[in-house]
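Q:
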Amino acid sequence: MAKKKRPTGGQFQQGAASGNKSYSAEVQAKEKPATLKDLLNPDVLAKLKTRQAEMEAEEARKREEKRRQEEEARKAEQKRLENDFEYLLNNSKQDWRKFKE
1 MAKKKRPTGG QFQQGAASGN KSYSAEVQAK EKPATLKDLL NPDVLAKLKT RQAEMEAEEA
61 RKREEKRRQE EEARKAEQKR LENDFEYLLN NSKQDWRKFK E
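In terms of UniProt numbering, the sequence shown opens at residue 1 and continues consecutively.
As structure tokens, then:
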């Protein structure tokens, strides 16, 4: 046999709860919803902002390092090609027929 559920409260509690629902609905309509920023302790929020700034600085440093390495790789490749006679001959803009007489 299943147990019967007991009532959770009397008439007074039910009436108060229904009255609070309409009041809380009015308050929520007037106020903007609570955000995580509002709920966090200011010290925790300050730590999070500091950590965010550190992470952004680290990311910027990594991007700059990667860009610098790519630039060095391009310069090294260009220097290697400038020492390659075949590359220079194929990419020469000179029209050798001008100098022929």
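Note that CB positions come from ideal geometry on N, CA and C, so glycine has one too. Quantities reported herein were computed from a predicted structural model and do not represent experimental measurements.
(1) Helix, strand or coil: which one does DSSP assign to Thr35?
(2) Can you list, in chain order, the residues of its chain whose CB lies under 6 Å from that of Ala57, leaving out five sequence neighbours each side?
(3) For Asn91 and Glu70, what's the separation of their Cα atoms in angstroms?
(4) Taking Glu75 as part of the alpha helix (DSSP H), name the residues at either end of that continuous run.
(5) When DSSP labels each residue in this structure, what does Asn90 get in the three-state scheme?
(6) What number of angstroms, rounded off, separates the C-alpha of Glu59 from the C-alpha of Lys79?
(7) According to DSSP, is Leu100 part of a helix, a strand, or is it coil?
A: Answer, in terms of the structure:
(1) coil
(2) none
(3) 23 Å
(4) It should be pointed out that residue 75 corresponds to Lys in this sequence rather than to Glu. Element bounds for Lys75: Pro42 to Glu82.
(5) helix
(6) 30 Å
(7) With the sequence shown as reference, residue 100 is identified as Lys, and Leu is not the correct amino acid for it. Residue state, collapsed to three classes: coil.
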